[in-house]
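Colleague: In the numbering used here, the protein residues as written are 24 to 554.
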Amino acid sequence: MLPVLLSSKIPPNHLSRVVDELVEGIDMEILAGFYPGGGSPSYHPKMLVKVWVYGYSQQVYTSRPLAKALREQLPFMWLAGCQEPCYKTLSDFRSGRFKEMLDEVFVAVLLYLVEHGYVELEDYFVDGTKMEANANRHKVVWRKNTERYKGRVIERIRELLARIDELNAEEEARYQGQDLAEMGEQSPGGPGSQALKQHAGQVNELAKRQQALAQGKAEKQKAKELAKCSRHLEKEAEKLAKYEIQEAILDGRNSYSKTDKSASCLRMKDERLLPGYNLQLGTENQYAVHFSVHQNASDSATLPEHLDKLSERMELLAKRSGADKRMPGNMMADEGYGCEENYACLEREEINSYLKYPGFHREQKGEPAPAFHKSRFVYNQAADSYTCPQGRKLRFVQESLIKTATGYERLQREYQSEGCQGCPLAGQCKKGEGPRTLAHSPNLEVYKAQAKANLCSEKGQQLRKRRGTEVETPFGDIKHNTRYRRFFLRGLEKVTAEAGLLAIARNARKLYCEKSGVWAQHYANRKRKTA
């Protein structure tokens, strides 16, 4: 009896064949560059990419279930050519080599979609979703706690240094005119842990010499106290080193998890505060055109970095296709992205801005702004002043440059009321004891006017209608249909690789639906039932 070919058991329009077609289009010379050579023969990288992408499309997210599927399930066996790599090989590939070749693989899949007309790179829809990290939510380091505890340690250290200076008058000569307390105050944040450890060692040696030379009870007591201060100083230096490490890991963030130091605590959709990542996804025709993973909870703050990475991938796409680099022509996003820096980034990349700004929906619905919103204040261009709803003037005070966390500088003009004393609505209008102030960004107002004109145009109305289904559908497919709500790997680079697998698997599923007509049949059946 002749053996049965596995390919004969795989239907022509099966999802595994779509995955096979997508991955086979990758140039093998490019993938070979990620293998330095030497050692035992490696499994073919295309085979490993295929089984992982197909695994993510079938809710197989870890290496052991994937290794089992390669032994038991026909589509996996066919994609792997009946090879059975062990779970560790599969895991090492995802965490190692695939992490390095991710951009090449993703761009190759995107190139296939562009060449076959599924994606035009004309209308780009971006949105974000928060994904839980593989981290312990009960083991979190908070920046405010670190700063507070470090401040207390520095205060105790300064007291110890001052006491050591009192006990030993010879320190000034030993340190060439600077005592230990002065050394500790050289840096604005206090003494460094390494310098303190050196000081503690020097003080300890000095205490030992004084104990050996002490002649009398007072001198011996002084030497003992000096040794005690040295021991305490060394302990405090160790604590300070701990908080310095925490600050380095935080790197400007508000928190991080001890079990995944790249994960920040984010407010999830269900209001839980959990370690996680902000996954930004850019789509066209519901295909993932670009993705990026961020540690910042704010969608607005992630767009500049997202655009930089998009530019890199578009450049790589142009290189692989032999065409000129081309960024998407139009970008659409919700109100969370409408800020001056993001508008400026789109202008720099020559992308038409369809970013909504806060208050856009309220304006379109004709709803009035809050009673003391900035829009309720009347501006007098000739006098360069505002008039509040109660008729009081707000005069120009100063002009300043505000620098964001990403380094962008925006011009801001500040206006201040001549006086709010006796105003019956002052408590509702302003916060604090001082007069009411207004901040005005001239560039932002220009960008908002341009965005509003674009959004209200015929093209803008079309994009606004599409936005809800364009980017929310992939998120719904990932989170609901494939039940993927939490990353399995740890570390920003590995999580980015995992997000890449999600995006490629999503594109494969979408392409399969279009080629097979499965969704068209599904909707036809649903309409028939409701008719």
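No residue lacks a Cβ here, since even glycine has one placed at the ideal position from N, Cα and C.
Which of the three DSSP states, helix, strand or coil, is assigned to Phe601?
Modeller: Residue 601 is absent from the structure shown; the chain starts at 24 and stops at 554.
Colleague: Let me know if Leu478 comes out buried or exposed under the rule of 16 or more other beta-carbons within 10 Å of its beta-carbon.
Modeller: Counting from 1 along the sequence shown, the entry for residue 478 is found at position 455. Answer is buried; the Cβ neighbour count reaches 16.
Colleague: When the Cβ atoms of the segment 115-126 are set against those of the segment 251-260, are three or more pairs found closer than 8 Å?
Modeller: Segments in contact, no.
Colleague: Just list the alpha helix (DSSP H) runs in the segment 82-170, keeping only unbroken ones of 4 residues or longer that don't cross its boundaries, in chain order.
Modeller: Counting only runs of 4 or more, we get 86-95, 97-102, 110-118, 120-138.
Colleague: With burial defined as no fewer than 16 other Cβ atoms inside 10 Å of the residue's Cβ, what is the status of Thr306: buried or exposed?
Modeller: Within the sequence shown, the letter at position 283 stands for residue 306. It is buried - the Cβ of Thr306 has at least 16 other Cβ atoms within 10 Å.
Colleague: Can you tell me which residues form a DSSP beta bridge with Phe419?
Modeller: Counting from 1 along the sequence shown, the entry for residue 419 is found at position 396. Beta-bridge pairing links Phe419 to Tyr438.
Colleague: Tell me whether His161 is buried or exposed, calling it buried when 16 or more other Cβ atoms sit within 10 Å of its Cβ.
Modeller: Within the sequence shown, the letter at position 138 stands for residue 161. With fewer than 16 other Cβ atoms within 10 Å, it is exposed.
Colleague: In or out: Ser480 buried (at least 16 other Cβ within 10 Å) or exposed?
Modeller: By one-based count along the sequence shown, residue 480 stands at place 457. Ser480 is exposed by the Cβ-count criterion.
Colleague: Take Thr152 and list the residues in its own chain whose beta-carbon comes closer than 6 Å to its own, dropping the five residues that flank it on each side.
Modeller: Here the question's residue 152 lines up with position 129 in the sequence shown. The answer, listed in chain order, is Leu302, Phe498.
Colleague: Does the segment 308-316 touch the segment 521-532, meaning 3 or more C-beta pairs lie closer than 8 Å?
Modeller: Cβ pair count under 8 Å is three or more, so yes.
Colleague: Thinking Asp283 and Arg513 are a contact (beta carbons under 8 Å), I'd like their distance in whole angstroms, please.
Modeller: The sequence position of residue 283 within the sequence shown is 260, counting from 1. The sequence position of residue 513 within the sequence shown is 490, counting from 1. The pair is a contact, with the Cβ atoms about 4 Å apart (cut-off 8 Å).
Colleague: Does the beta-carbon of Arg197 have 16 or more other beta-carbons within 10 angstroms, so that it is buried, or is it exposed?
Modeller: Taking the first residue of the sequence shown as position 1, residue 197 is located at position 174. Only weak support exists for where Arg197 lies, its pLDDT of 43 falling under 50; the value from the coordinates is given anyway. Result: exposed.
Colleague: Per DSSP, Thr325 forms a beta bridge with which residues?
Modeller: Counted from its first residue, the sequence shown places residue 325 at position 302. Per DSSP, none; premise fails for Thr325.
Colleague: May I ask which residues mark the beginning and end of the alpha helix (DSSP H) holding Ala476?
Modeller: For the purposes of this step, residue 476 is taken as the residue at position 453 of the sequence shown. 465-479 is the span of the alpha helix (DSSP H), which, as asked, contains Ala476.
Colleague: For the alpha helix (DSSP H) that Pro523 lies in, which residues bound it at each end?
Modeller: As a working note, residue 523 is residue 500 in the sequence shown. The residue asked about is misnamed: residue 523 is Gly in this sequence, not Pro. Counting along the chain, the alpha helix (DSSP H) containing Gly523 begins and ends at 515-539.
Colleague: Might you give, ordered along the chain, the residues of its own chain that have their beta carbon closer than 6 Å to the beta carbon of Val163, omitting 5 neighbours on each side?
Modeller: Against the sequence shown, residue 163 aligns to sequence position 140. Excluding positions up to five away in sequence, the list reads Ser278, Ser280, Cys288.
Colleague: Measuring straight from C-alpha to C-alpha, what distance separates Tyr141 and Phe400?
Modeller: By 1-based counting over the sequence shown, the position of residue 141 is 118. By 1-based counting over the sequence shown, the position of residue 400 is 377. Each residue's alpha carbon lies about 49 Å from the other.
Colleague: Quick one: what's got a C-beta closer than 7 Å to Gly200's C-beta in the same chain, skipping five residues either side?
Modeller: Mapped onto the sequence shown, residue 200 falls at position 177. Unreliable positioning characterises Gly200 in this predicted model, as indicated by a pLDDT of 46, which lies under 50. The coordinate reading is nonetheless provided below. Closer than 7 Å at Cβ, skipping near neighbours: no residue.
Colleague: Check each candidate in Gly275, Gly104, Lys265, Ser285 and name the one with the smallest Cα separation from Ala428.
Modeller: In the sequence shown, the residue the question calls residue 428 occupies position 405. Of the listed residues, the one whose Cα sits closest to Ala428 is Gly275.
Colleague: Count the other C-beta atoms from every protein chain shown that fall within 10 angstroms of the C-beta of Asn159, then say buried if there are 16 or more, exposed otherwise.
Modeller: Position 136 of the sequence shown holds residue 159. Looking at its Cβ environment, which holds fewer than 16 other Cβ atoms inside 10 Å, Asn159 is exposed.
Colleague: Near Asp150, which residues of its chain fall below 6 Å by C-beta distance, leaving aside the five closest residues on each side in sequence?
Modeller: Taking the sequence shown and counting its residues from 1, the one referred to as residue 150 is at position 127. If we look at Asp150 and ignore the five residues flanking it on each side, its Cβ neighbours are Val494.
Colleague: Shortest alpha-carbon distance to Val469 belongs to which of Ile53, Cys362, His329?
Modeller: Looking up residue 469 in the sequence shown gives position 446. Cα-wise, what sits closest to Val469 is Cys362.
Colleague: Quick check: the Cα distance between Tyr66 and Ser315, rounded to an integer number of angstroms?
Modeller: For the purposes of this step, residue 66 is taken as the residue at position 43 of the sequence shown. For the purposes of this step, residue 315 is taken as the residue at position 292 of the sequence shown. The alpha-carbon atoms of Tyr66 and Ser315 are separated by roughly 28 Å.
Colleague: Looking only at C-alpha atoms, which of Val72, Ala356, Thr85 sits nearest to Gly104?
Modeller: Within the sequence shown, numbered from 1, the residue matching residue 104 stands at position 81. Gly104 has its Cα closest to that of Val72, out of Val72, Ala356, Thr85.
Colleague: Since Pro68 is in the alpha helix (DSSP H), which residue starts that stretch and which ends it?
Modeller: In the sequence shown, the residue the question calls residue 68 occupies position 45. Per DSSP, Pro68 belongs to the alpha helix (DSSP H) from 68-80.
Colleague: Please report the Cβ distance between Asp50 and Leu102, rounded to the nearest whole angstrom; I am assuming they are in contact, meaning their Cβ atoms lie under 8 Å.
Modeller: Counting from one through the sequence shown, the residue named residue 50 turns up at place 27. Counting from one through the sequence shown, the residue named residue 102 turns up at place 79. With a Cβ gap of about 19 Å, Asp50 and Leu102 do not count as contacting.
Colleague: Quick check on DSSP: helix, strand or coil for Tyr198?
Modeller: Position 175 of the sequence shown holds residue 198. Note that Tyr198 scores 42 on pLDDT, short of 50, meaning its location in the model is unreliable and no value can be drawn from it.
Colleague: Count Cβ pairs between the segment 373-393 and the segment 405-415 that sit closer than 8 Å; are there 3 or more?
Modeller: Counting Cβ pairs under 8 Å, fewer than three are found: no touch.
Colleague: Assuming the contact rule is C-beta atoms closer than 8 Å, Tyr438 and Leu461 should be a hit. Round their C-beta distance to whole Å, please.
Modeller: Locating residue 438 in the sequence shown gives position 415, where the first residue counts as 1. Locating residue 461 in the sequence shown gives position 438, where the first residue counts as 1. About 4 Å; that satisfies the 8 Å criterion.
Colleague: Alpha carbon to alpha carbon, how far is Met350 from Leu144? Give it in angstroms, no decimals.
Modeller: Locating residue 144 in the sequence shown gives position 121, where the first residue counts as 1. Locating residue 350 in the sequence shown gives position 327, where the first residue counts as 1. If you take the alpha carbons of Leu144 and Met350, they lie about 7 Å apart.
Colleague: Cβ of Glu123 within 7 Å of Cβ of Ile53?
Modeller: As a first step, residue 123 must be located in the sequence shown, where it is residue number 100. As a first step, residue 53 must be located in the sequence shown, where it is residue number 30. No; because the gap between Cβ atoms is not below 7 Å, this pair is not in contact.
Colleague: DSSP three-state label for Gln444, please.
Modeller: In the sequence shown, counting from the first residue as 1, residue 444 sits at position 421. In this structure, Gln444 counts as coil in the three-state DSSP scheme.
Colleague: Does the contact criterion of 3 or more C-beta pairs under 8 Å hold for the segment 321-334 versus the segment 364-375?
Modeller: Enough Cβ pairs lie closer than 8 Å, so yes.
Colleague: Whose CA, out of Gln485, Ala367, Gly382, Leu125, lies closest to the CA of Pro465?
Modeller: Here the question's residue 465 lines up with position 442 in the sequence shown. Out of Gln485, Ala367, Gly382, Leu125, Ala367 has the C-alpha closest to the C-alpha of Pro465.
Colleague: Grab me the residues of Phe360's own chain with a C-beta within less than 8 Å of its C-beta, minus the 5 sequence neighbours each way, in chain order.
Modeller: Here residue 360 refers to the residue found at position 337 when the sequence shown is read from its first residue. With the sequence shown as reference, residue 360 is identified as Tyr, and Phe is not the correct amino acid for it. Excluding positions up to five away in sequence, the list reads Val149, Asp322, Ser323, Leu326, Leu378, Lys379.
Colleague: How many angstroms separate the CA atom of Ser344 from the CA atom of His503?
Modeller: The count along the sequence shown starts at 1 and reaches residue 344 at position 321. The count along the sequence shown starts at 1 and reaches residue 503 at position 480. Roughly 35 Å separates the two Cα atoms.
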